[in-house]
Each structure stands twice: as C-alpha cells, then as structure tokens.
Amino acid sequence: MRDEAVCILCAARGPFRRRCSKDGYGIAECPSCGLVQLQPMPSPETLRALYETDSYFGGVGSGYSEYESQETEYVATFREDVRRIAEFVPSGKVLEVGCGYGYFLQCALEAGYDAYGIDVAPTAVKWASERLPDRVFCGLLEEVPQIQDQQYDVIFGSHLIEHLTEPGAFLERAGRLLRPGGLIVLVTPNIRSLLSRASGRRWVSYKIPEHVSYYDPRTITDLLNRSGYSVRAVDSAYQYYALPFVASRVRELLDPVSRLVPPVERLRGLRDRRIRVTSGSMRVVAMR
Numbered sequence: 001m002r003d004e005a006v007c008i009l010c011a012a013r014g015p016f017r018r019r020c021s022k023d024g025y026g027i028a029e030c031p032s033c034g035l036v037q038l039q040p041m042p043s044p045e046t047l048r049a050l051y052e053t054d055s056y057f058g059g060v061g062s063g064y065s066e067y068e069s070q071e072t073e074y075v076a077t078f079r080e081d082v083r084r085i086a087e088f089v090p091s092g093k094v095l096e097v098g099c100g101y102g103y104f105l106q107c108a109l110e111a112g113y114d115a116y117g118i119d120v121a122p123t124a125v126k127w128a129s130e131r132l133p134d135r136v137f138c139g140l141l142e143e144v145p146q147i148q149d150q151q152y153d154v155i156f157g158s159h160l161i162e163h164l165t166e167p168g169a170f171l172e173r174a175g176r177l178l179r180p181g182g183l184i185v186l187v188t189p190n191i192r193s194l195l196s197r198a199s200g201r202r203w204v205s206y207k208i209p210e211h212v213s214y215y216d217p218r219t220i221t222d223l224l225n226r227s228g229y230s231v232r233a234v235d236s237a238y239q240y241y242a243l244p245f246v247a248s249r250v251r252e253l254l255d256p257v258s259r260l261v262p263p264v265e266r267l268r269g270l271r272d273r274r275i276r277v278t279s280g281s282m283r284v285v286a287m288r
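Going by the UniProt record's numbering, the sequence shown opens with residue 1, and the numbers climb by one from there.
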C-alpha cells in the first residue's frame, strides 16, 4: 500500500511505501530519503497532551512503563552514555532535552559535569526538581527562558528525536545553544536493527502515536548534516533491565506461544538479576 505524505526529513512528497499499520496509524517509508514515519502525522498538540498526562511515566503501551521503579536500570544505562560523552568532552556544561525524572542528569553531575534538563511532562519535572533543585525546567527548548542565554558544551537527548514532528527545527534551535565545536548526542531506535527486523510490527519501539519517526544510521546522519552538524560516531546503544522485565517483553514478542516461556519471577534467584541488552537503538555523536 502507498500513502501520500510529506517527509519530515527531506520534505519529499509521497507516495510512501507502507511497511505496516498499528493502532490506527500507518508506518511508512519516504521514497526519497528512506525515513520511516507515521501516517497520518499526529499534531504537536496531540503529542503534548499525551506527555502532560500523569500516567505517561507509568503507563503501558504509550509512555514509559514503571519508570520510577526502574531507576537502578536507567542509572546504569545513563552512566554508559556519560562515559561515551566523556570520550569527546571530558567536562563542561550539559543540557538534557527530555530529561524525564533526571536520571541522566544525576549521572552527569556525579561525573563532574554542570548539568541541566528540560522536559514537557510536568509530572516528571516536578519529581526531578525535588531531587535536583534549580536544574530542571518545564517546557520546550524555545519556551524556557532560563536556558536561552546559556552556552552548552553538550546537548543530550535520549529517545527524543523520534518524538519530534519538526526535527530539523529542533536541531537548529539546539545548535544556537551550543558553543563552537559543541556536541549533540542522541539515542534513538534504529529501524534497521536486527531486533527491529526480527520483531516486525511487534517491535518494542513501535510506540504509537508518540514515536512519529524511525531513523537508521543513514537517515539520522542525513538529518544532522542538513542541520549543520558533522557526525563523529554512530554505535549501538545498550540498556540495563531487570530480568523479569526482559522476560515480559519476550513473552509479548512470542505471543501467542508466550505461554511456553515461564515467568521469570517464579524462578528463585533470578527476580533481582539485571542484564545489559540491546533494544535495537543507536547512539549518535555529532559536532556543530
């Protein structure tokens, strides 16, 4: 099936090649640049209303399932991101866009960075602000006056760019906040990953409608180049999860034969084990 649309990366018009459909949306590929995006494209107002719900950071499907209870796993994951950033910029001022509960900020501060964050989810900002006073602000990049007169060495966004209906405009605004030679570091699902290909329409990163686009190493490089950045590295991004959480996702993927996979929580000694796995995401480091 082919759909008429406008690509949010290259502005080419369809027809797009539809890969699959889920939850009332088509997931389709641009015939010009290869970006995969939703059809129809949700409005920014629809998306912001989703993020502003109290359940977004504790939901199933859309949002982040049991976000607060997985703090240990998120902190372990973000420490890897901080170590990767330190290979390029060992110290300085960092801004995280889409900071959630502030777990990355916590890791960056521990490593000696002067770290700040913004998010559009009021519930998350309130939670993070209580732990990191005067470092977390609510709103879009262009809405927060406290950051507009600042210059940052690094701007970090984990699972951010796939939420944006105007990614080029975001990267332009971010670039104005970076010092010359500053870095932007993005973590985002890789639509060409082995996990994505193996999972099909059950891929965990098909989170509809909040994930409006799906990049691969070529299309994310294209996006950054068009916005005046030079890509320095693209590598696989790993995450730490509690074993029962991984097992629950495997059961979802194997449905309807999931009954053959025993619940890990019944296996003595495994309930508290944490493992490092790929979620089919990539980490991109680019210089302005």
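Ideal Cβ positions, reconstructed from N, Cα and C, are used throughout, including at glycine.
### Task
State the Cα-Cα distance for the pair LEU183 and VAL89, rounded to the nearest angstrom.
8 Å
### Task
Please go through the same chain and pick out, in chain order, the residues whose beta-carbon is closer than 6 Å to the beta-carbon of ALA76, but skip the five residues on each side of it.
TYR240
### Message
Could you tell me the alpha carbon to alpha carbon distance between GLY24 and MET41, rounded to whole angstroms?
### Response
11 Å
### Query
For PRO15, does the three-state DSSP call read helix, strand or coil?
coil
### Query
Under the three-state reduction of DSSP, which class applies to SER279: helix, strand or coil?
strand
### Residues bridged to ARG274 [DSSP beta-bridge criterion]
ALA242
### Query
Between the C-alpha atoms of ARG135 and GLY26, what's the straight-line distance to the nearest angstrom?
39 Å
### Message
For LEU243 and GLU71, I'd like the C-alpha separation in whole angstroms.
### Response
14 Å
### Task
Pick out whichever of ALA124, GLU162, ARG173 and PHE156 has its Cα sitting closest to the Cα of GLU143.
ARG173
### Task
Check each candidate in TYR238, SER21, MET282 and PHE104 and name the one with the smallest Cα separation from ARG274.
TYR238
### Query
Taking buried to mean at least 16 other C-beta atoms within 10 Å of its own C-beta, is GLY112 buried or exposed?
By the 10 Å Cβ count, GLY112 comes out exposed.
### Task
Enumerate in chain order the residues of its own chain whose CB-to-CB distance from residue 377 is below 8 Å, with the five nearest sequence positions on each side excluded.
Nothing can be reported for residue 377, as the shown portion of the chain is limited to 1 through 288.
#### Entry: Own chain partners of ARG218 with C-beta closer than 7 Å, once the 5 adjacent residues on each side are dropped
GLY34
#### Entry: Limits of the beta strand (DSSP E) - the one that TYR116 falls within
114-119
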